[in-house]
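Participant: Take 11 as the starting number for the sequence shown in our numbering and just add one per residue.
Glycine included, every Cβ here is placed at the ideal spot set by N, Cα and C.
Okay, here's the structure, questions in a sec.
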Amino acid sequence: MKNGSKEEFECPVAIEFYNKIMGGVDFADQMANVYELDRNSCKWWEKVWCFFVPIVRAVVNSWIVYCELKHRNTPLFDFIASPAEALMPSRMLNAQYQRRRGTKRQSKTS
11 MKNGSKEEFE CPVAIEFYNK IMGGVDFADQ MANVYELDRN SCKWWEKVWC
61 FFVPIVRAVV NSWIVYCELK HRNTPLFDFI ASPAEALMPS RMLNAQYQRR
111 RGTKRQSKTS
């Protein structure tokens, strides 16, 4: 109203349903964009990785369903990491990585 007072009214059922459903879609898009890649890149390897964007979205959707069904608040990273570690060979999980050291160049003296 023009005088600043609020008027109560019933929200249509269609709008209530839309607001209820869209919350999940917005949340899925938000979480999928955390791991989304730059599609406009000129580097070939980044374009190859863009193939995996739909896979990331599928993983995020499965994570949302998992959290709702199990009533757990598992972080997305933990949900992704556990199957990834299960697929890796055990020798890779237990490997010790060492940093490479550069070779020192001898300075030319004449």
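1) Count the other CB atoms, across all protein chains shown, that sit within 10 Å of the CB of residue 70; report buried if there are 16 or more and exposed otherwise.
2) Tell me which residue opens and which closes the alpha helix (DSSP H) that residue 92 is part of.
3) Would you mind reading off the limits of the alpha helix (DSSP H) that contains residue 67?
4) Considering only the alpha carbon of each residue, which of 73, 99, 78, 79 lies closest to residue 88?
5) Looking at residue 32: is its Cβ nearer than 8 Å to the Cβ of residue 86?
Facilitator: From the atom records:
1) buried
2) 86-97
3) 63-80
4) 73
5) no
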